[in-house]
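Residue numbers (my numbering): 31 to 145.
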């Protein structure tokens, strides 16, 4: 089973930027899609951004224009560049990969945006 490990979370002031990384233990080229989800305190996990193996990208309406998802197949890594951060972006961010009907999750990384 492929392992996904997120990094790059932390504390940032509103208006600032953070870049998250998701490193896979195997090739991400074989994944049908990879995505970033987040779970704000006391709320359900929600999709933030997703990218398919052919590069089709989808964003949640709340982050469109501020966040950018990308991937580097050679490094087996997916990224999430987060700009113009807001306190409402505070959450645990999870990396997800889907391959042949099997879903893998990372352990999550905390992002806290102070006002």
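Think of the CB as a built atom: it goes at the ideal place given N, C-alpha and C, for glycine as much as any other residue.
The structure displayed is predicted, hence computed values, not measured ones.
Inset, instruction - Run through the segment 56-116 for me and flag every whole beta strand (DSSP E) of 3 or more residues, listed as ranges in chain order. - result: 63-69, 76-82, 87-89, 97-102 and 107-112
Inset, instruction - Express the C-alpha separation of residue 95 and residue 37 in angstroms, rounding to a whole number. - result: Reading the chain shown from its first residue, position 7 is the one you call residue 37. Reading the chain shown from its first residue, position 65 is the one you call residue 95. So the alpha carbons of these two residues sit roughly 22 Å apart.
Inset, instruction - Could you check the C-alpha separation between residue 34 and residue 101 for me, to the nearest Å? - result: Along the chain shown, read from residue 1 onward, the residue named residue 34 stands at position 4. Along the chain shown, read from residue 1 onward, the residue named residue 101 stands at position 71. Rounded to whole angstroms, residue 34 to residue 101 spans 13 Å at the Cα level.
Inset, instruction - Take the Cβ of residue 97 as the centre, count every other Cβ of all protein chains shown within 10 Å, and call the residue buried at 16 or more, exposed below. - result: In the chain shown, counting from the first residue as 1, residue 97 sits at position 67. Under this definition residue 97 is a buried residue.
Legend entry - Element boundaries [beta strand (DSSP E), containing residue 54]: The residue labelled residue 54 in the question sits at position 24 within the chain shown. 48-54 is the extent of the beta strand (DSSP E) around residue 54.
Inset, instruction - Please name the residue, chosen from 68, 113 and 106, that lies closest to residue 42 on a Cα-to-Cα basis. - result: Stepping through the chain shown from its first residue, residue 42 is reached at position 12. Ranking the options by Cα distance to residue 42, first place goes to 113.
Inset, instruction - Say whether the segment 62-70 touches the segment 115-123, bearing in mind that this needs 3 or more beta-carbon pairs closer than 8 Å, one atom from each stretch. - result: yes
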